[in-house]
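Student:
In the working numbering, the protein residues as written are -3 to 430.
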């Protein structure tokens, strides 16, 4: 395998991740316009985001296990096509019920195909540069959210139905990008059904056994690993915060500081994700440099990111001015990026490589099913109290996430001198054929 292709594949998957994450933010950026157009309450419109997150969480473990059994390239391609079709169709929705189908169900189901397969492909192609490569992919999330949020907020100001335009624009671009992925990604040898599977180093390295994991086996491996379950719980806390923040922060800024829709959409994501860009780059470089002599550093990076962000979440909720709120969002973003930098790398260090996609899918499922409650809960808090109360409540979930990962680190590494479970690699002839 040439180094050139692993970076080209990362670039192709980066754009797809930009679209996957960016199209999620279209909803938050245009939420008040959709609410007015369809005549929905805050809690009612929150249900759409909750259904999307729940469907994604319900589907992603099966998508992850399918990625370990089937061709990961085509899992990515089909996923991008389906979720972008859902986004495009959402622009035609004339009721909450239709939006629940197009944005909530079709979009949520399609998006579940992408991440487990994409991260598994990257994890296989990148060995020593794994955290760096996954962090570069993570930057696609930040860029997508900023770009799509700003564009969507500005377009939403173009009349009562302006909110529909970004769904059509980004949905159409995504459908076209699915075709680019179909041409540009290779069907790697470890993707061929029943022929060559990812081989664990703990299997016979001289005469590797070519087997593929069963659904039951993948579940048992993940569920039998307490540290993996704790990492999933930590991610669930983070996703709860992330979904609530992205859904309601634009509305909070508009209410608190009298911003226009476009300005609120811009400020809700710009400062936070500028900070996250810096945090993810810093966290990835530090962990990649230290992991050889301190294997527990990836989880420690997760813990530091979540715990340090807590006071800044509270600060941004009750900030007296837009300037101080922007500072709080930026610092919150830095520490969120530190956590993100080792999100999947921490999991991949403690489960065999042949279960990476399945493990990512199960972990995301646990996290998103739990996190799906956030938009409705924050909507109820806004209706009953204020949006600031709902935003501030998110700090408790980041703190809880840090605590459970502390326990995961203790179980996996003890004092920190213990090595993580060996990460498997394919046999050399398999690697050369990719």
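Glycine is no exception: its CB is placed at the ideal position from the N, C-alpha and C atoms.
1. Looking at the structure shown, is residue 36 part of a helix, part of a strand, or coil, going by DSSP?
2. Measuring CB to CB, does residue 76 end up less than 9 Å from residue 6?
3. Just verifying my parser: in three-state terms, what is the DSSP assignment at residue 22?
4. Verify the CB distance criterion: does residue 182 have a CB-CB separation below 9 Å to chain C?
5. Whose C-beta lies closer than 8 Å to the C-beta of residue 128 among residues of the same chain, with five residues either side of it excluded?
6. When DSSP labels each residue in this structure, what does residue 311 get in the three-state scheme?
7. Assuming residue 341 contacts residue 130 (C-beta within less than 8 Å), just tell me the rounded distance between them.
8. Given a threshold of 16 other Cβ atoms within 10 Å of its Cβ, counted over all protein chains shown, does residue 250 qualify as buried or as exposed?
9. How many angstroms separate the CA atom of residue 398 from the CA atom of residue 234?
10. Tell me the start and end of each unbroken alpha helix (DSSP H) in the segment 232 to 300 that is at least 4 residues and wholly inside, in chain order.
11. Quick check on this structure: which residue in 216, 266 and 373 has the alpha carbon closest to the alpha carbon of residue 143?
12. Tell me whether the segment 145 to 153 and the segment 248 to 263 touch, counting them as touching only if at least three CB pairs, one residue from each stretch, are closer than 8 Å.
13. Pop quiz: residue 23 and residue 111 are said to be a contact at Cβ under 8 Å. What is the actual Cβ separation, rounded to whole angstroms?
14. With distances taken between CB atoms, is the gap from residue 248 to residue 25 smaller than 9 Å?
15. Give the single residue among 307, 136, 349 and 43 whose Cα lies nearest to the Cα of residue 27.
16. Could you say which of 320, 308, 382 and 272 lies nearest to residue 329 if we only look at CA atoms?
17. Between the alpha carbons of residue 400 and residue 354, how many angstroms are there, rounded?
18. Within the same chain, show all residues whose beta-carbon is closer than 6 Å to that of residue 431, passing over the 5 residues directly before and after it, in chain order.
19. Whole-angstrom Cβ separation of residue 292 and residue 409, contact assumed at under 8 Å?
20. Around the Cβ of residue 301, are there at least 16 other Cβ atoms within 10 angstroms (buried) or fewer (exposed)?
21. Please return the same chain residues whose Cβ sits closer than 6 Å to the Cβ of residue 153, not counting the five positions on each side in sequence.
22. Can you find the residues in the same chain that come closer than 7 Å, C-beta to C-beta, to residue 270, ignoring five residues on each side of it along the sequence?
23. Considering just the uninterrupted stretch of the alpha helix (DSSP H) at residue 378, what are its terminal residues?
24. Can the beta-carbon of residue 19 be found less than 9 Å from the beta-carbon of residue 240?
25. Thinking C-beta only, is residue 244 closer than 9 Å to residue 375?
26. Does the Cβ of residue 200 have 16 or more other Cβ atoms within 10 Å, making it buried, or fewer, making it exposed?
27. Going by beta carbon distance, what residues of the same chain come within less than 6 Å of residue 414, once the five residues before and after it are set aside?
28. Count the other CB atoms within 10 Å of the CB of residue 53; is the residue buried (16 or more) or exposed (fewer)?
29. Taking a contact to mean a Cβ-Cβ separation below 9 Å, would you say residue 139 touches residue 74 in this structure?
30. Which word fits residue 220, buried or exposed, when buried means at least 16 other C-beta atoms lie within 10 angstroms of its C-beta?
31. The alpha helix (DSSP H) spanning residue 162 covers which residue range?
32. What is the DSSP secondary structure of residue 153, counted as helix, strand or coil?
33. Hey, how far is the Cα of residue 314 from the Cα of residue 264?
34. In chain order, what residues of the same chain have a beta carbon less than 6 Å from the beta carbon of residue 108, not counting five sequence neighbours either side?
35. I need the straight-line Cα distance from residue 17 to residue 103, nearest angstrom please.
36. Could you tell me the alpha carbon to alpha carbon distance between residue 294 and residue 86, rounded to whole angstroms?
Tutor: In terms of the structure at hand:
1. coil
2. no
3. helix
4. Within the model displayed, chain C is absent; a lone protein chain is all it includes.
5. 122, 280, 281 and 284
6. helix
7. 6 Å
8. buried
9. 9 Å
10. 257 to 286
11. 266
12. yes
13. Not really, about 18 Å apart at Cβ, beyond 8 Å.
14. no
15. 43
16. 272
17. 22 Å
18. Missing from the structure shown is residue 431; the chain here goes from -3 to 430 and no further.
19. 4 Å
20. buried
21. 257 and 258
22. 326 and 329
23. 370 to 380
24. no
25. yes
26. Legend: pLDDT at residue 200 = 40, less than 50; position of this residue unreliable, no value from coordinates given.
27. Low confidence applies here, because residue 414 scores a pLDDT of 45, under 50, leaving its location unreliable; read the following figure in that light. Excluding positions up to five away in sequence, the list is empty.
28. buried
29. no
30. exposed
31. 160 to 180
32. coil
33. 14 Å
34. 52, 55, 56 and 59
35. 11 Å
36. 39 Å
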